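Protein chains in written order, with our numbering: chain A, 1 to 249; chain B, 250 to 663. Ideal Cβ placement from N, Cα and C applies to all residues, glycine included. Small disclaimer: the values here were computed from a predicted structure and weren't measured. To keep things clear, I will list the structure first and then write my remarks on it.
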C-alpha cells in the first residue's frame with residue numbers, strides 16, 4: 001500500500017478507527033497526567049494531603065488549591081485550544097485522585113497499615129468541574145483564570161468539609177484538648193514525621209478570630225489565578241506541534 | 250561462531266531477566282531503623298538514654314506496654330547539629346504497629362513538640378497499645394528540628410493476636426464514643442464516591458461523542474465554534490450550578506450535624522520539668538582517650554577525685570546506649586537488650602573504692618564487639634572526633650551518681 005492510499009476502506013471504518021484512537025489517546029493522557037500530576041502534587045502538597053492532622057483551616061486551604069490548579073490549567077490549554085474539549089481540569093483531577101486513592105490504599109494502608117480515615121486524599125473535583133465549565137462558557141483563558149481560578153480556591157474547603165468536619169470534633173485526652181485528627185496523628189506513629197514538621201495553624205492571620213478559613217480560601221483563590229495563567233501557558237507551549245513538519249502552530 | 254555468540258548473548262540476557270525477576274520474590278522485611286548508620290558522634294553527644302525499661306517483651310493486640318527511663322540532653326551538644334529547642338519525643342517502630350496511647354516528659358503529656366535544655370536530665374514514659382502482630386524493634390527516639398531523628402536503644406517486642414481485633418475507642422467532648430480506627434470511613438468513601446460519580450458523568454458527557462480526530466479537524470479548519478452547542482452550555486451550567494449547590498448544601502448539613510468543631514491544635518511546649526539527679530560529688534578529668542581499632546576497645550586515662558563523704562567505685566560507662574559494666578561493681582537487672590550490654594566490658598586499672606578526698610588516675614578500658622556492631626568505631630571518621638558518655642559511680646550504700654565525660658578521641662591503628 002502506498003503512502004497516498006488511505007488506511008481505511010470506508011467511512012464506518014474511519015469512524016471506528018477514530019473512536020479507537022480516542023480511547024487510546026484518552027487512556028494515555030489519563031495515565032500520563034496521573035503520573036506527572038501525582039508526583040507534582042506529592043512533592044508540593046505532600047503531607048497536607050497525606051494526613052488528616054495537616055488538613056487545617058489556614059495552610060492546607062491555602063496550599064492545596066495553589067499547587068493543584070497547575071495540571072488542570074495546562075491540560076485545559078491543550079484540550080481546549082486544540083480540541084475544544086472542556087474537560088481538562090476534570091480529567092486531571094480525576095486522574096490525580098484515582099492515583100492518590102490507589103497510593104493511599106495500597107501503600108499507606110496495605111503496606112504500612114495507616115488507617116484510611118487518616119490518610120484519604122483531599123477532594124478537588126468541585127473546583128475542577130467549575131473550572132471546566134467557566135472555560136467552556138467563556139472561551140477565555142483570562143476569564144477562566146480569574147473566575148475559575150478564584151472559584152477553584154474558594155470551593156476547596158467547603159468541598160472537603162463534609163469529610164473533614166467529623167475529625168475536627170474535640171476530645172479531651174490526658175488533660176489536653178485536641179481534635180480527633182490531632183489524636184490520629186498522635187496515635188498512629190510516624191517515625192519519620194515528627195510533630196514539629198507539621199505546618200498547621202502557623203502565620204499571622206489572627207485578626208479574623210475563628211473565621212480564617214474563608215480568608216485563606218480567598219487568598220488561595222487569588223494566587224490560584226496567577227498560577228492558572230502560568231500553567232495555562234505551560235500547557236499551550238507543551239501542546240505545540242512544532243516537531244511535526246508543515247504544522248508549526 | 251557468530252551463532253554461538255548470539256546464543257550466549259541471548260541466554261545471558263534471559264538469565265539476567267530471570268535473576269532480576271527472582272530478586273523481586275525476595276524482599277525481606279526491614280525491621281530496624283538504621284540506628285547503626287547514624288553518625289556515631291550524634292549518638293554519643295546529643296541525647297543519652299539511660300535507666301531504660303521496656304515493660305513487656307510480648308504483648309497481645311489491644312494490650313499496652315511502656316517504655317520508660319531518662320535522658321540527658323548532653324551539655325557538649327555538637328555544633329553541627331541544631332540544638333533541641335524544638336524536639337519531639339517519638340518512638341522508633343516500623344509504622345503504627347503500636348499506637349502511641351500516651352507519652353510524657355516529666356509527667357507532662359507531650360503530644361506536641363517540646364523545648365529541651367542542654368545539660369538537663371528528663372524522665373520520660375511512652376505508653377504503647379499493641380496493634381499489629383509481629384516481632385518489632387522498639388526504640389526510644391527524639392526528633393530534633395534541624396538535627397534529625399536521634400534514635401535510642403531498641404529492644405525486640407512481640408505482638409500476638411490478630412490486627413482485626415484491634416479497637417481504638419475514644420470519647421469526644423460531645424459525648425460520643427467512637428472507634429478511631431474506622432471512624433468516619435463510610436463518610437469518606439461516600440463523599441468521594443459521590444464526587445467521582447459527578448466527575449465521571451461530566452467526562453462521559455463529552456467522551457460519548459467523537460473526541461480527538463474530528464474535533465482537531467474542526468478546530469484546524471476554523472469550525473471550532475460548532476463544537477460547543479447551546480445544549481452543551483446548558484449541561485455545563487447545570488453541572489457548575491449543581492456542584493456549587495451540592496457543596497453549599499453538604500457544608501450546611503455538615504455544620505448542623507457537627508456543630509462543635511475546633512481547629513487543629515499545635516504549638517511548642519516549653520518549660521518541661523527536669524529530673525534532678527543526685528548531685529555528683531565525683532569529678533572526672535579525661536587525660537587522654539584512644540580508640541584501639543584492632544582491639545575494639547576504647548581506653549581512657551581518667552583522673553577521678555572523690556569530693557563526697559563515702560567511697561565510690563566506677564561501675565558503668567554508657568555511650569550511645571551501649572552499656573559497659575564492671576560486674577564487680579554493678580550488674581544489670583533490667584533485661585537490657587543483650588546486644589547493647591557489655592556485662593564485663595568495663596575494666597578499670599584500679600577499681601578499689603576511692604576514698605573521700607582521694608584523687609586517683611586510672612586506665613579505663615571499654616571493650617566489646619558493640620563498638621563495631623553498632624558502628625561506634627566510625628567516630629574516628631566523623632568531622633568532630635570527640636567522644637562522650639556517662640560514667641556511673643556507686644558508693645558503698647548502693648547510691649549512684651552520674652558524671653559526664655566529653656573529650657577528644659585519638660584512634661590507634663596498631
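Check: Are the C-beta of residue 159 of chain A and some C-beta of chain B separated by less than 8 Å?
Finding: A Cβ of chain B is located within less than 8 Å of the beta carbon of residue 159 of chain A.
Next item on the list: Measuring alpha carbon to alpha carbon, tell me which of B:436, B:616, B:481, B:443 ends up nearest residue 456 of chain B.
Entry: B:481
Check: Looking at the structure shown, is residue 591 of chain B part of a helix, part of a strand, or coil, going by DSSP?
Finding: strand
Next item on the list: Between the Cα of residue 624 of chain B and those of B:288, B:255, B:447, spot the shortest distance and give me the residue it belongs to.
Entry: B:288
Next item on the list: At 7 Å on the CB atoms, spell out the chain B contacts of residue 239 of chain A, in chain order.
Entry: Within 7 Å Cβ-Cβ: nothing; residue 239 of chain A doesn't reach chain B, min ~11 Å.
Margin query: Please return the same chain residues whose Cβ sits closer than 6 Å to the Cβ of residue 369 of chain B, not counting the five positions on each side in sequence.
Written below: 322, 523
Margin query: If I measure Cβ to Cβ from residue 37 of chain A and keep anything under 7 Å in the same chain, skipping five residues before and after, which residues do I get?
Written below: 71, 92, 95, 96
Note to self: Can you tell me whether residue 319 of chain B is helix, strand or coil according to DSSP?
What the structure shows: strand
Check: How would you label residue 538 of chain B, buried or exposed, when you count the other beta carbons within 10 angstroms and need 16 or more for buried?
Finding: buried
Next item on the list: Starting from residue 259 of chain B, follow the alpha helix (DSSP H) in both directions and report where the run begins and ends.
Entry: 251 to 273
Next item on the list: Check whether the Cβ of residue 196 of chain A lies closer than 8 Å to any Cβ atom in chain B.
Entry: yes
Note to self: Tell me the residue span of the alpha helix (DSSP H) that contains residue 548 of chain B.
What the structure shows: Unbroken run through residue 548 of chain B is the beta strand (DSSP E), 546 to 555; no alpha helix (DSSP H).
Next item on the list: Classify residue 548 of chain B as buried or exposed, calling it buried when 16 or more other Cβ atoms lie within 10 Å of its own Cβ.
Entry: buried
Next item on the list: Within the same chain, show all residues whose beta-carbon is closer than 7 Å to that of residue 8 of chain A, passing over the 5 residues directly before and after it, in chain order.
Entry: Hits under 7 Å: 14, 17.
Next item on the list: Provide the residue span of the alpha helix (DSSP H) that contains residue 407 of chain B, from first to last.
Entry: Counting along the chain, residue 407 of chain B falls outside any alpha helix (DSSP H), though it belongs to the beta strand (DSSP E) covering 397 to 409.
Margin query: For residue 488 of chain B, count the other beta carbons within 10 Å of its own beta carbon; 16 or more makes it buried, fewer makes it exposed. Which is it?
Written below: buried
Note to self: Give me, in chain order, the residues of the same chain whose beta-carbon lies closer than 6 Å to that of residue 109 of chain A; leave out the 5 immediate sequence neighbours on both sides.
What the structure shows: 116
Next item on the list: Confirm, please, whether the CB-CB distance from residue 419 of chain B to residue 429 of chain B is below 8 Å.
Entry: Closer than 8 Å, so yes.
Check: Which chain A residues are close to residue 451 of chain B, counting only those with a beta carbon under 8 Å from its beta carbon?
Finding: 87, 90, 129, 132
Notebook entry, point to check: Thinking C-alpha only, which one of A:183, A:112, A:142 is nearest residue 195 of chain A?
Noted result: A:183
Item checked: Cross-strand partners of residue 179 of chain A (DSSP beta bridge) -> A:170
Check: Counting Cβ pairs closer than 8 Å, one from the segment 334 to 351 of chain B and one from the segment 390 to 398 of chain B, do we hit at least three?
Finding: yes
Margin query: Using 8 Å for Cβ pairs, my map puts residue 535 of chain B next to residue 660 of chain B. What's the rounded Cβ distance?
Written below: Contact flag wrong, Cβ pair sits at about 16 Å.
Check: Just curious, the beta strand (DSSP E) that residue 69 of chain A is in, first and last residue?
Finding: From DSSP, residue 69 of chain A is part of no beta strand (DSSP E); its letter is neither H nor E.
Next item on the list: With DSSP as the reference, label residue 158 of chain A as helix, strand or coil.
Entry: helix
Notebook entry, point to check: Along chain A, in chain order, which residues have C-beta atoms closer than 8 Å to that of residue 485 of chain B?
Noted result: 86, 132, 133, 136, 137
Notebook entry, point to check: Given that residue 38 of chain A touches chain B, what residues does it touch there, using C-beta distances under 9 Å?
Noted result: Residues of chain B passing the Cβ test: none, with the nearest at roughly 16 Å.
Check: Exposed or buried, residue 568 of chain B, counting other C-beta atoms within 10 Å across all chains shown (16 or more means buried)?
Finding: It is buried - the Cβ of residue 568 of chain B has at least 16 other Cβ atoms within 10 Å.
Check: Unbroken beta strand (DSSP E) runs of length 3 or more, entirely within the segment 291 to 376 of chain B: which are they?
Finding: For the segment 291 to 376 of chain B, the continuous beta strand (DSSP E) assignments of 3+ residues that do not extend past its boundaries occur at 296 to 303, 307 to 309, 313 to 322, 336 to 341, 347 to 354, in sequence order.
Check: So residue 575 of chain B and residue 597 of chain B are in contact, right, with Cβ under 8 Å, and what is the actual spacing, rounded?
Finding: 6 Å
Check: Using the beta-carbon count (16 or more within 10 Å), is residue 248 of chain A buried or exposed?
Finding: Because the pLDDT at residue 248 of chain A is just 47, under 50, the model does not fix this residue reliably, and the point stays unresolved.
Checklist line | Cutoff 8 Å: residue 182 of chain A Cβ touching any chain B Cβ | finding: yes
Check: My guess is that residue 349 of chain B and residue 113 of chain A are in contact by the Cβ rule of under 8 Å, so how many angstroms apart are they, rounded?
Finding: Actually they do not touch by this definition, with Cβ atoms about 14 Å apart.
Margin query: Which residues in chain B have a C-beta closer than 8 Å to the C-beta of residue 168 of chain A? List them in chain order.
Written below: 507, 510, 511, 512, 513
Note to self: Quick check: the segment 142 to 151 of chain A against the segment 51 to 58 of chain A, are at least 3 beta-carbon pairs closer than 8 Å?
What the structure shows: Contact between the segment 51 to 58 of chain A and the segment 142 to 151 of chain A is absent: fewer than three C-beta pairs spanning the two stretches fall below 8 Å.
Item checked: Length of the line joining the Cα atoms of residue 578 of chain B and residue 605 of chain B -> 18 Å
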